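Numbering (this note's numbering), first residue to last: 98 to 506.
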């Protein structure tokens with residue numbers, strides 16, 4: 098029985114932060130034998146997961162959840178492990194349970210204002226208006242404020258974003274109207290799975306050949322999803338209020354913890370693994386997310402993924418892209434060094450550019466296209482290309498990313 102409240106020792110935390118996962122896992126195993134605690138079990142399960150030891154990861158995550166069923170981190174980790182093991186129904190149930198644990202924490206104490214970046218407030222405002230329109234709800238059903246005041250708010254927020262520099266200001270949102278714009282009612286769109294998610298191709302070998310050959314670790318797949326799957330994913334993204342993580346330069350993120358999970362997403366990952374056994378047959382789905390960009394703001398800066406192979410695909414209709422040939426992904430032909438940590442290759446922009454220059458890296462720009470997927474080595478450096486999309490909630494640039502890691506057990 099787990100009775101200890103012992104935290105993870107600082108020395109082990111440093112090993113984890115430095116990417117020394119095997120070292121950390123060995124130390125955590127010894128600690129679990131002497132003084133097991135929920136925190137230690139979660140940390141060990143996470144190290145197991147990062148190392149691809151899925152069986153041990155599930156065992157330790159289950160122990161952590163059994164010891165404290167209300168521990169959010171443990172529940173999320175168990176859900177991710179189950180998704181990796183292709184236990185889809187159980188994974189979705191655990192993600193829903195984790196969401197129930199997290200949602201009450203978003204309400205502000207004493208009904209006070211919520212500080213929210215201007216681009217997030219604008220997105221939430223536009224999404225609530227969109228949901229009223231698309232579901233034929235009476236104006237004011239989700240956003241109880243007069244249309245004239247909505248128009249004023251949209252103009253002011255757009256002007257604030259136009260005037261913003263490299264970082265977007267945060268504003269306090271108070272009162273019923275303001276708090277709803279900061280923390281909108283939670284909605285997750287749901288509908289039955291389509292029969293098939295990936296478009297049928299005569300042969301996926303050309304994707305493998307491009308990845309291993311001249312593509313140097315990157316392959317482009319046009320018309321990735323069937324029309325039915327693409328339309329369903331678009332509806333899920335437009336109708337689900339899961340866009341809860343804001344980034345300073347002006348884009349928003351949704352991840353499984355905030356509600357970006359569905360049978361459709363897990364089915365897409367499963368079908369891709371079946372279609373590309375030469376690349377993904379020994380890999381599991383490790384994590385996934387989606388980003389939605391503010392129309393004229395920059396997207397994701399240069400970085401590498403914590404994955405062996407990544408899938409990045411775009412779902413906004415092509416007519417929203419005002420610069421055809423642009424708005425996609427810039428990719429370099431150099432990977433992050435093995436001894437760099439997650440922070441090094443995700444937040445060290447200056448060092449990354451210096452390293453690329455030192456290595457004589459070459460950049461390739463891949464144009465945006467609706468339903469275009471890119472399969473690439475996650476460790477190569479990449480960033481969102483310069484973009485210019487039309488105004489309007491439905492026209493925002495949306496991409497989905499899935500990370501695949503090698504499985505050991």
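Using N, Cα and C, we set each Cβ at its ideal position, and we do this for glycine too.
Owing to the predicted nature of the structure, the values given are computational and were not obtained by experimental measurement.
**Request:** Report the partner residues of residue 82 according to the DSSP bridge assignment.
**Result:** The shown model of the chain, from 98 to 506, leaves out residue 82, and the question about it has no answer.
**Separation of residue 127 from residue 273, as counted between CA atoms** = Mapped onto the chain shown, residue 273 falls at position 176. Mapped onto the chain shown, residue 127 falls at position 30. If you take the alpha carbons of residue 273 and residue 127, they lie about 51 Å apart.
**Prompt:** Is residue 191 buried or exposed, if buried means 16 or more other CB atoms sit within 10 Å of its CB?
**Reply:** Counted from its first residue, the chain shown places residue 191 at position 94. So residue 191 ends up on the buried side.
**Prompt:** Taking buried to mean at least 16 other C-beta atoms within 10 Å of its own C-beta, is residue 356 buried or exposed?
**Reply:** Along the chain shown, read from residue 1 onward, the residue named residue 356 stands at position 259. Buried, by the Cβ-count rule.
**Request:** Tell me where the alpha helix (DSSP H) around residue 360 begins and ends.
**Result:** Sequence index remark: in the chain shown, residue 360 carries index 263 (1-based). Looking at the DSSP string, the run of the alpha helix (DSSP H) that includes residue 360 is 360-372.
**Prompt:** In whole angstroms, what separates the C-alpha of residue 267 from that of residue 326?
**Reply:** Here residue 267 is taken as the residue at index 170 of the chain shown, counted from 1. Here residue 326 is taken as the residue at index 229 of the chain shown, counted from 1. When the Cα atoms are used, residue 267 and residue 326 turn out to be separated by approximately 36 Å.
**Prompt:** Which whole-angstrom value describes the C-beta separation of residue 500 and residue 404, a residue pair presumed to lie in contact below a C-beta threshold of 8 Å?
**Reply:** One-based indexing of the chain shown puts residue 500 at position 403. One-based indexing of the chain shown puts residue 404 at position 307. The Cβ separation is near 4 Å, so the contact holds.
**Message:** Helix, strand or coil for residue 324? Go by DSSP, reduced to three states.
**Reply:** For this step, residue 324 is matched to residue 227 along the chain shown. Note: residue 324 maps to helix in three-state DSSP.
**Item:** Any alpha helix (DSSP H) of 4 or more consecutive residues that is wholly inside the segment 207-245
**Value:** Every unbroken stretch of the alpha helix (DSSP H) spanning 4 or more residues and falling wholly within the segment 207-245 is given here in chain order: 215-231.
**Asked** In this structure, does DSSP put residue 134 in helix, strand or coil?
**Response** As a first step, residue 134 must be located in the chain shown, where it is residue number 37. Strand.
**Item:** DSSP state of residue 348 mapped onto helix, strand, coil
**Value:** For the purposes of this step, residue 348 is taken as residue 251 along the chain shown, with counting starting at 1. Three-state result, residue 348: strand.
**Start-to-end residues for the beta strand (DSSP E) that takes in residue 460** = Translated into the one-based positions of the chain shown, residue 460 becomes position 363. Here the beta strand (DSSP E) through residue 460 covers 460-463.
**Reference residue 321, options 111, 119, 470, 157, closest by Cα** = Here residue 321 is taken as the residue at index 224 of the chain shown, counted from 1. It is 470 whose Cα lies nearest to the Cα of residue 321.
**CB of residue 476 within 8 Å of CB of residue 433, strictly** = For the purposes of this step, residue 476 is identified with residue 379 of the chain shown, where counting begins at 1. For the purposes of this step, residue 433 is identified with residue 336 of the chain shown, where counting begins at 1. Cβ distance < 8 Å, so residue 476 and residue 433 count as in contact.
**Request:** Kindly confirm or deny that the segment 388-401 and the segment 342-352 touch, where touching means at least three C-beta pairs closer than 8 Å.
**Result:** As far as the Cβ criterion goes, the segment 388-401 touches the segment 342-352, which means the pair count is three or higher.
**Asked** Hey, quick one: how far does the beta strand (DSSP E) through residue 157 stretch, first residue to last?
**Response** In the chain shown, residue 157 corresponds to position 60, counting from 1. Unbroken run through residue 157 is the alpha helix (DSSP H), 151-164; no beta strand (DSSP E).
**Message:** Out of 263, 124, 195, 215, which one is the CA nearest neighbour of residue 279?
**Reply:** For the purposes of this step, residue 279 is taken as residue 182 along the chain shown, with counting starting at 1. The shortest C-alpha to C-alpha distance from residue 279 to any of 263, 124, 195, 215 is the one to 215.
**Asked** By a C-beta neighbour count over all protein chains shown, 10 Å radius and 16 as the cutoff for buried, is residue 212 buried or exposed?
**Response** Translated into the one-based positions of the chain shown, residue 212 becomes position 115. Exposed, since its Cβ has fewer than 16 Cβ neighbours within 10 Å.
**Item:** In DSSP terms, what residue 269 is bridged to
**Value:** The residue you call residue 269 lines up with position 172 of the chain shown. Bridge partners of residue 269: 212.
**Simplified DSSP assignment, three categories, for residue 409** = Translated into the one-based positions of the chain shown, residue 409 becomes position 312. Three-state DSSP puts residue 409 in a strand.
**Prompt:** If you draw a straight line from the C-alpha of residue 302 to the C-alpha of residue 374, how long is it?
**Reply:** Locating residue 302 in the chain shown gives position 205, where the first residue counts as 1. Locating residue 374 in the chain shown gives position 277, where the first residue counts as 1. Just so you know, the alpha carbons of residue 302 and residue 374 end up roughly 10 Å apart.
**Asked** Just reading off the alpha helix (DSSP H) that residue 426 is part of, what are its end residues?
**Response** By one-based count along the chain shown, residue 426 stands at place 329. Unbroken run through residue 426 is the beta strand (DSSP E), 426-432; no alpha helix (DSSP H).
**Request:** Could you tell me whether the Cβ atoms of residue 496 and residue 409 are closer together than 8 Å?
**Result:** Reading the chain shown from its first residue, position 399 is the one you call residue 496. Reading the chain shown from its first residue, position 312 is the one you call residue 409. Between residue 496 and residue 409, the CB-CB gap stays under 8 Å.
**Prompt:** Considering only C-alpha positions, which residue in the set 372, 504, 231, 155 is nearest to residue 333?
**Reply:** On the chain shown, residue 333 is found 236 positions in, with the first residue counted as 1. The residue with the shortest Cα to Cα distance from residue 333 is 231.
**Request:** Could you tell me which of 317, 352, 223 sits nearest to residue 464, measuring between CA atoms?
**Result:** Position 367 of the chain shown, counted from the start, is the residue given in the question as residue 464. The candidate whose alpha carbon is nearest that of residue 464 is 317.
**Message:** Looking at residue 550: is its Cβ nearer than 8 Å to the Cβ of residue 164?
**Reply:** Only positions 98 to 506 of the chain appear in the structure, and residue 550 is not among them; the question remains open.
**Request:** Might you give, ordered along the chain, the residues of its own chain that have their beta carbon closer than 7 Å to the beta carbon of residue 196, omitting 5 neighbours on each side?
**Result:** Start at 1 with the first residue of the chain shown, and residue 196 comes out as number 99. Closer than 7 Å at Cβ, skipping near neighbours: 356.
**Item:** DSSP state of residue 263 mapped onto helix, strand, coil
**Value:** Counted from its first residue, the chain shown places residue 263 at position 166. In the three-state scheme derived from DSSP, where H, G and I count as helix and E and B as strand, residue 263 is classed as coil.
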